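In our numbering, the protein residues as written are 1 to 435. Think of the CB as a built atom: it goes at the ideal place given N, C-alpha and C, for glycine as much as any other residue. Note that the coordinates shown come from a computational prediction; the quantities given were computed from them, not determined experimentally. What follows is a single structure, written as structure tokens, with notes after it.
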Amino acid sequence: MGVSYSFSAELYEGAYRAFREFVPLSQDRKPLSWSTLPYAFAYFIPFLFMGYLVRRANTHLIRLLLLPTVIGLTLRCSYGYKLMNPVYFILDWARTLVALVIISKALDFAFAQNGRFKVGEKRLRGINEPLPKSDPDNEAMHEPTDAFARLPPWLSDALEVSLAVRGIGWDFGQGTYLPQSRRPRERGPFLRATAASLLLNLLYLDLSTSVVESVPGVGSVSGGSIFLPYLPLPLRYTVSTIVHLCAGIMVMSGLEAGDDLLTLLFVGVLGQPPSEWRPIQENPWAAQSLHELWAKRWHQLLRRTFMVFGGFLGQWVAGDLGLVIGVFVASGLYHEVGLQTADSRVTLFFVLQGVGVLCETAWKKLTGRRVGGLAGRVWTYLFVVGLGQMTTDAWCGRGLGGAVLIIPEWMSVFRTFLGPAFAWITQTLLQYNHA
């Protein structure tokens, strides 16, 4: 028994040390600076090679052999470096979230036996096959988008499939809900509408960030709970709800501002048609059910990522029920493992969203009616605004509330002109602490 225990302990110790080679402890990570930046993103080289291979016929075995290198290098590069200033903690979190998306796409590319096809494409070129001058039956095979038309075919193929997050125009994007665009179709008016949207989203982001940072403790890089214990219960939960709503606005406006910037770049500079840039969200506040919120109104940028990390496995184990739970478990873990310390409340919140979706499915089977209307909206808000506060509390407790510096203080409109009001709010809350 002693020999068996010793072997198990050594096996565990070896596995732990191997894991820490790829995911070092926070104190063992190297500083991220301009000189180390190329090393922190070196994993894009083998990943783009994987993207090239998935667009070529008869490369399945090569992709499978390349997969461990892509995963290992992505983990090591992403977790091996960190920004030393805690104010930029959110940027480190964003880096690891991007890395997890890269890993999911690498898995998807590696196990796609026949490669990845554009919609309407019937076959892929071989590695040494020259670019055909014409192929009426397979025109999509050699038609890169305007943004990549001037690049070599191998590079345009790799970039197109690697950057297709929602899979618009690809076989792996079929079934993804795409919101209808309300912007003009003509390039000039489209760009002006996008620029106006960018400005509005930056103002929303500025306002919500300013409110969160004004709450004592919550706006500190050392972290603090959104449930201020020294406040009376009604005021305590009023403050926590406001902070939570502002956190939601920060996420939504931040995503939409980033999308606006990319739209201006790819349409205004690189010449892509406006029709290829659909909105990423469809007014999540108007959702009347959890299914409507998560399947349509919320952004679908990570839909494929969650399917790869949990949805396909869950479906294989337990059918549609397993698919739903698997996707939400993957979502919870995805939003958590990028941080330096784990908090199970984040994963719990997303699992509960899956449970809520299954309850809506059961309701439809029992009554023949979908969840909707005013009752459906109240139901949705209870899950997202009520239960969702556990995630905001978990994140703010680790300093994310004070690390959000997307808009520098000197550029902040609201902190400049509403600074006295925020100072008064802070002082009022602190008075309760000393009362």
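Proximity to residue i [Cα-Cα], best of the options
| i | options | result |
| --- | --- | --- |
| Ile280 | Pro179, Gly169, Cys359 | Pro179 |
| Asn114 | Arg63, Ala94, Pro153, Pro86 | Arg63 |
| Leu264 | Ala195, Leu231, Gly248 | Ala195 |
| Leu348 | Leu75, Gly14, Arg182, Ala394 | Ala394 |
| Pro24 | Phe47, Ser6, Arg76 | Arg76 |
| Arg370 | Gly399, Gly354, Trp277, Gln288 | Gln288 |
| Leu290 | His299, Gly223, Gly254, Trp379 | Trp379 |
| Val460 | Leu11, Gly399, Val70 | Since the displayed the chain opens at 1 and closes at 435, residue 460 lies outside it and no answer follows. |
| Leu245 | Ala149, Tyr204, Leu53, Glu21 | Tyr204 |
| Arg55 | Val267, Leu155, Val355, Leu374 | Leu155 |
| Pro284 | Tyr52, Asp28, Gly354, Ile249 | Ile249 |
| Leu191 | Leu231, Val165, Arg29, Phe266 | Phe266 |
| Met252 | Gln300, Gly368, Leu228 | Gln300 |
Residue i to residue j span [Cα, whole Å]
| i | j | result |
| --- | --- | --- |
| Asp206 | Ile127 | 49 Å |
| Thr209 | Pro216 | 13 Å |
| Val317 | Lys118 | 30 Å |
| Thr391 | Val329 | 14 Å |
| Leu67 | Ser8 | 28 Å |
| Glu160 | Pro152 | 12 Å |
| Ala158 | Trp294 | 30 Å |
| Ala42 | Leu73 | 8 Å |
| Ala257 | Ser197 | 8 Å |
| Gly376 | Leu382 | 10 Å |
| Gly167 | Gly397 | 35 Å |
| Gly224 | Lys365 | 43 Å |
| Ser331 | Leu387 | 16 Å |
| Val218 | Arg236 | 13 Å |
| His335 | Ile103 | 15 Å |
| Leu352 | Glu292 | 16 Å |
| Val269 | Arg303 | 28 Å |
Bounding residues of the alpha helix (DSSP H) (the contiguous stretch that carries residue i)
| i | result |
| --- | --- |
| Tyr204 | 187-214 |
| Glu160 | 153-163 |
| His244 | 233-263 |
| Tyr381 | 373-381 |
| Phe89 | 89-111 |
| Tyr79 | 60-79 |
| Tyr39 | 37-40 |
| Leu48 | 44-53 |
| Arg439 | Summary: the structure shown does not reach residue 439, with the chain confined to residues 1 through 435, and so no result is reported for it. |
| Met84 | Counting along the chain, Met84 falls outside any alpha helix (DSSP H), and DSSP gives it neither H nor E. |
| Leu400 | 400-403 |
| Arg56 | Note, Arg56: premise wrong, no alpha helix (DSSP H); not H, not E. |
Where residue i falls, given that 16 or more other Cβ within 10 Å makes a residue buried
| i | result |
| --- | --- |
| Tyr79 | buried |
| Phe19 | exposed |
| Glu360 | buried |
| Asp320 | exposed |
| Trp424 | exposed |
| Gln27 | exposed |
| Met307 | buried |
| Val70 | buried |
| Met84 | exposed |
| Pro189 | exposed |
CB contact check: residue i to chain C, cutoff 7 Å
| i | result |
| --- | --- |
| Glu13 | Checking the listed chains, one finds no chain C in this structure; it contains a single protein chain. |
Completely contained alpha helix (DSSP H) runs for the stretch 325-352, where each covers 4 or more residues: none
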